[in-house]
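Student: Before we start, here is the structure in question, set down as structure tokens.
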Amino acid sequence: MNWRKWLDEFVLAGKGILLATHEKRFWIGFIIAFLFFGMLMNLLAGGFSKFELMGMVGFGGSMKIIGDALLGVFGIKMIFFEWLPVFLLALLQGILIGLIVLLWQKKRIKNGKESSNSANVEKAGIITGLIALGAGCPTCGTTLLTPLLGALFSTGGLAMVGVISGLVTALAIIIAILSLKRLGEETYVIIVNEKYMRKKEERGKSA
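Start counting the sequence shown at 313; every next residue gets the next number (the working numbering).
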């Protein structure tokens with residue numbers, strides 16, 4: 313494997329992401345996805361117990377639970393080692409969605425571009441599902457996999473939860489990073505090309 317080529321591609325993708333931060337459309341997608349996904353991760357910590365609690369405490373109590381989950385995205389009332397993975401995963405997902413929104417806006421839907429954008433959205437959905445499935449409390453090993461594995465393997469399944477949820481989350485992170493690499497490169501090419509064409513037009517008008 314050509315590691316130098318991979319490094320150059322990641323550097324190019326990083327430049328593309330930096331260029332994307334100058335675009336309003338990127339920030340719209342990023343902020344919405346970052347806050348929503350981070351809040352969802354906090355609500356899913358410990359399985360569906362918080363959703364069950366929301367069904368019992370009424371509207372006011374539900375809003376407080378949702379508000380605490382939203383504050384938890386920024387580490388408020390959170391243990392550091394429980395907050396950090398949630399923040400990093402929400403950050404990755406936010407950047408990924410932000411790039412998809414930006415590219416969707418910049419591309420003209422023609423010549424099969426719809427399939428490319430649909431593939432990006434589908435991949436983002438897969439990453440969301442994988443991270444949500446492995447989400448939970450890192451210190452207590454509680455995830456959405458707990459009831460499933462508990463039902464299938466009884467007590468043995470509970471011992472496997474921490475390992476499997478970690479593998480699922482790791483897989484989601486790997487897919488997210490590889491997706492960011494490709495989308496970052498694509499963003500770089502499109503934005504740089506736009507700037508080149510804009511300068512070319514300006515030179516043509518001034519000539």
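For glycine and all other residues, C-beta sits at the position ideal for the given N, C-alpha and C.
If we count the other Cβ atoms within 10 Å of its Cβ and call it buried at 16 or more, is F349 buried or exposed?
Tutor: For the purposes of this step, residue 349 is taken as residue 37 along the sequence shown, with counting starting at 1. With 16 or more Cβ atoms within 10 Å of its Cβ, F349 is classed as buried.
Student: T333: buried (16+ other C-beta within 10 angstroms of its C-beta) or exposed?
Tutor: In the sequence shown, counting from the first residue as 1, residue 333 sits at position 21. T333 comes out exposed.
Student: Below 8 angstroms, how does it come out for the region 335–344 and the region 386–402: are there three or more Cβ pairs, yes or no?
Tutor: No, because fewer than three Cβ pairs between the region 335–344 and the region 386–402 fall closer than 8 angstroms, the two stretches do not touch.
Student: Exposed or buried, what is S361 when buried is set at 16 or more other beta-carbons lying within 10 Å of its beta-carbon?
Tutor: For the purposes of this step, residue 361 is taken as residue 49 along the sequence shown, with counting starting at 1. Exposed is the call here.
Student: Taking the alpha carbon of L324 as the reference point, which residue from E514, K507, L495 has its own alpha carbon closest?
Tutor: Taking the first residue of the sequence shown as position 1, residue 324 is located at position 12. Looking at the Cα atoms, L495 is the closest of the given residues.
Student: Assuming F349 is part of the alpha helix (DSSP H), what are its boundary residues?
Tutor: By 1-based counting over the sequence shown, the position of residue 349 is 37. Element bounds for F349: 336–356.
Student: What is the rounded straight-line gap between the Cα of T467 and the Cα of N354?
Tutor: Here residue 467 is taken as the residue at index 155 of the sequence shown, counted from 1. Here residue 354 is taken as the residue at index 42 of the sequence shown, counted from 1. Note that T467 scores 49 on pLDDT, short of 50, meaning its location in the model is unreliable; the coordinates nonetheless yield the value given after this. C-alpha separation (whole angstroms): 26 angstroms.
Student: Out of G410, I377, Q405, which has the shortest C-alpha to C-alpha gap to A357?
Tutor: As a position in the sequence shown, residue 357 is number 45, starting the count at 1. Nearest option by C-alpha distance: I377.
Student: Could you check which residue in L382, L365, L490 has the C-alpha nearest to that of A345?
Tutor: Within the sequence shown, residue 345 is the residue found at index 33, counting from 1. It is L382 whose Cα lies nearest to the Cα of A345.
Student: Looking at the unbroken alpha helix (DSSP H) that takes in I377, where does it start and where does it end?
Tutor: For the purposes of this step, residue 377 is taken as the residue at position 65 of the sequence shown. Its alpha helix (DSSP H) spans residues 361–384.
Student: Could you tell me the distance, in whole angstroms, from the CA atom of A447 to the CA atom of S374?
Tutor: Translated into positions along the sequence shown, residue 447 becomes position 135. Translated into positions along the sequence shown, residue 374 becomes position 62. At A447 the pLDDT is 48, less than 50, meaning the model places this residue with poor confidence; the figure from the coordinates comes in the next sentence. In a straight line, the C-alpha of A447 is about 21 angstroms away from that of S374.
Student: Restricting to Cα atoms, I'd like to know which of L411, G379, F399, D320 is closest to V385.
Tutor: Indexing the sequence shown from 1 puts residue 385 at position 73. With distances taken between Cα atoms, V385 lies closest to F399.
Student: Report the residue from F322, I329, M351, L331 whose alpha carbon sits nearest the alpha carbon of M390.
Tutor: Mapped onto the sequence shown, residue 390 falls at position 78. Nearest C-alpha to M390: M351.
Student: Check L460 in the structure and name its three-state DSSP category.
Tutor: Looking up residue 460 in the sequence shown gives position 148. Below a pLDDT of 50, predicted positions are generally treated as unreliable, and L460, at 45, falls in that range; the measurement from the model is reported next regardless. Helix.
Student: Going by beta carbon distance, what residues of the same chain come within less than 8 angstroms of K317, once the five residues before and after it are set aside?
Tutor: For this step, residue 317 is matched to residue 5 along the sequence shown. Counting only Cβ-Cβ distances below 8 angstroms, and skipping sequence neighbours, we find nothing.
Student: Helix, strand or coil for K511 per DSSP?
Tutor: For the purposes of this step, residue 511 is identified with residue 199 of the sequence shown, where counting begins at 1. It is helical.
Student: DSSP on L387, reduced to helix/strand/coil?
Tutor: By 1-based counting over the sequence shown, the position of residue 387 is 75. For clarity, residue 387 is Gly in the given sequence; the question names Leu instead. Three-state DSSP puts G387 in coil, outside helix and strand.
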